[in-house]
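Below is one structure, written out as structure tokens, with a few remarks after it.
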Amino acid sequence: MQRYNPKKWLGMIFHSYNRAIMRQLAPSSIFMLLYTTVVSYIVIEVYDMPFKSSTQVHSIMGIVLGLILVFRMNSAYERWWEGRTQWGLIVNDSRNLAQKLNAMLSSKDAENRRFFRIMISNFPFALKEHLRSGVNFDEIEDPGSDIINKLKQAKNVPNVILTLIYSRIQQLLTENKITGEQLIVLDTELHEYTSIQGACERIKNTPIPYSYSMYIKKFIFLFVITLPFGFVTTFYYFTIPIVLLIFYILVSIELIAEEIEDPFGLDVNDLPTDALAEKVRNDVREIFEVTGS
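Below, the structure is given as structure tokens:
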């Protein structure tokens, strides 16, 4: 995720991200440049259109297209923000679960304390990579008992981690190391973990409907491809930079929306899940050291 100071206007205007967008748009921008130049030349120098061009039609279409793009951007941002909300809950619930287990477990129970410290920390690392269609086991700590091998065989690693945590909590109840009331309290936290994972998977696996995305692109294409005909008899060769500017603005908005609607990847504007996972690990480790062994 890109960190920035919103008060530095010039820095944001000339930021490298803008150059990245321009590079991405370069092929289509060159096409629009050539197309607009040819249309402008033909209309101005070669062939008089049988009708007078007008910007009124494109003004009306521009309002409609603007409303569609606003809705498109808002929909993408809502997905981004929901993803950030869910990861905020992961941080909070990890702290809550660690604090409760730290209080419930004896300071002499080094084995269980180590298990929960590691497995609670492993969950966000497994989830962030699961949302990127894979798990980096170099980031997963080994609590022993051949657990790493079980995780390597799993198709849904964060789900297996939660299952192992819950199984160990049930074992604590069987061994009378926690009470039934304490089990209920811990069960609430684990239920929240499952809900968070489900919400993140829903965002990841449910893209914007194809027809919606397709027609927005078609609408933008038809709008910009007809712009030269509406502008050329009014602005003449100034039509070329005007059309390119409008094209850049409209397509950039669509590209940004495409990027932020899937917030769990590695793009510039994606969520800082690596940093959040590391924060959870540090916080959980610190919590279990409060009454440490």
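Note that our numbering has the sequence shown beginning at 2, numbered continuously upward. For every residue, glycine included, the Cβ atom is placed at its ideal position computed from N, Cα and C. Source: prediction; values computed, not measured.
F138 carries a coil assignment under DSSP once its states are collapsed to helix, strand and coil. Note that the C-beta distance between L132 and F236 is not below 8 angstroms. The Cβ-Cβ distance between S41 and V233 falls below 8 angstroms. F116 and P144 do touch by the CB rule: their CB atoms are close to 5 angstroms apart, below 8 angstroms.
Using a Cβ distance threshold of 8 angstroms, V244 and L228 count as a contacting pair. The straight-line gap separating the alpha-carbon atoms of A276 and D284 is approximately 12 angstroms.
H59 and K205 have their C-alpha atoms spaced approximately 36 angstroms apart. Under the 10 Å beta carbon count, E190 is surrounded by 16 or more other beta carbons and is classified as buried. Across the set F32, N97, L34 and T37, the C-alpha of N97 shows the shortest separation from the C-alpha of R286. Within 10 angstroms of the beta-carbon of A278 lie 16 or more other beta-carbons, which makes it buried. Distance from the Cα of G135 is smallest, within the candidate group E262, D94 and K156, for K156.
Residue nearest to T240 within the set I226, V252, S212 and S253 is I226 (criterion: CA-CA distance). Taking C-beta atoms under 8 angstroms as the contact rule, S95 and V291 fail to qualify, at a distance of about 15 angstroms.
With respect to the 8 angstroms criterion, I288 and A99 are classified as neighbours on the basis of their beta carbons.
In the three-state reduction of the DSSP assignment, K178 falls in the coil class. The shortest CA-to-CA distance from L90 to any of I197, L165, K101 and D147 is the one to I197. Judged by DSSP in its simplified three-state form, T207 adopts coil rather than helix or strand. Here G231 is buried: its Cβ has 16 or more other Cβ atoms, across all protein chains shown, within 10 Å. Below 8 angstroms, enough C-beta pairs join the region 63-83 and the region 203-217 to call them touching: three or more. Residue range Q57 to M105 is occupied by the alpha helix (DSSP H) that includes T86. In the three-state reduction of the DSSP assignment, D188 falls in the helix class. Residues of the same chain with a CB within less than 8 angstroms of the CB of R80, apart from the 5 flanking positions on each side, are I204, I261, E262, D263 and P264 in chain order. The C-alpha of P208 lies about 32 angstroms from the C-alpha of I149. Taking C-beta atoms as the reference points, N123 and E130 fail to come closer than 8 angstroms.
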